[in-house]
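Novice: Residue numbers for the sequence shown follow the UniProt record's numbering, so the first one is 1 and each next one is one higher. Glycine is no exception: its CB is placed at the ideal position from the N, C-alpha and C atoms. Note that the structure is predicted; figures quoted are calculated from it, not measured.
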Amino acid sequence: MEMMIVTVLLRLLYLLLQPYKHQLQVGSWLFVALSSVSFVFDIFFWVFSVYVLVF
1 MEMMIVTVLL RLLYLLLQPY KHQLQVGSWL FVALSSVSFV FDIFFWVFSV YVLVF
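1. With the cut-off set at 8 angstroms, would you say F45 and M3 are in Cβ contact?
2. Just checking my contact of S35 with L10 at CB under 8 angstroms: how many whole Å lie between their CB atoms?
3. If you run the structure through DSSP and keep just helix, strand and coil, what is F44?
4. For a quick check, are the C-beta atoms of V6 and S49 less than 8 angstroms apart?
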């Protein structure tokens, strides 16, 4: 749940930074990397939750 909130906040931040995008190519790559990491964490957390419920 926390990861979803973090992802939403990152997306809002990204939208706020859109006007400066030409200066922030590195920032947009960083955003993509952070989104990927949060996605992986979501999957890991889901798998872990299922594991805990099953065992």
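Specialist: Taking the structure as given:
1. Yes.
2. Beta-carbon to beta-carbon, S35 and L10 are separated by about 7 angstroms, close enough to satisfy the 8 angstroms threshold.
3. The answer is helix: DSSP assigns F44 an H, G or I state.
4. Their beta carbons are not under 8 angstroms apart, which means V6 does not touch S49 by this criterion.
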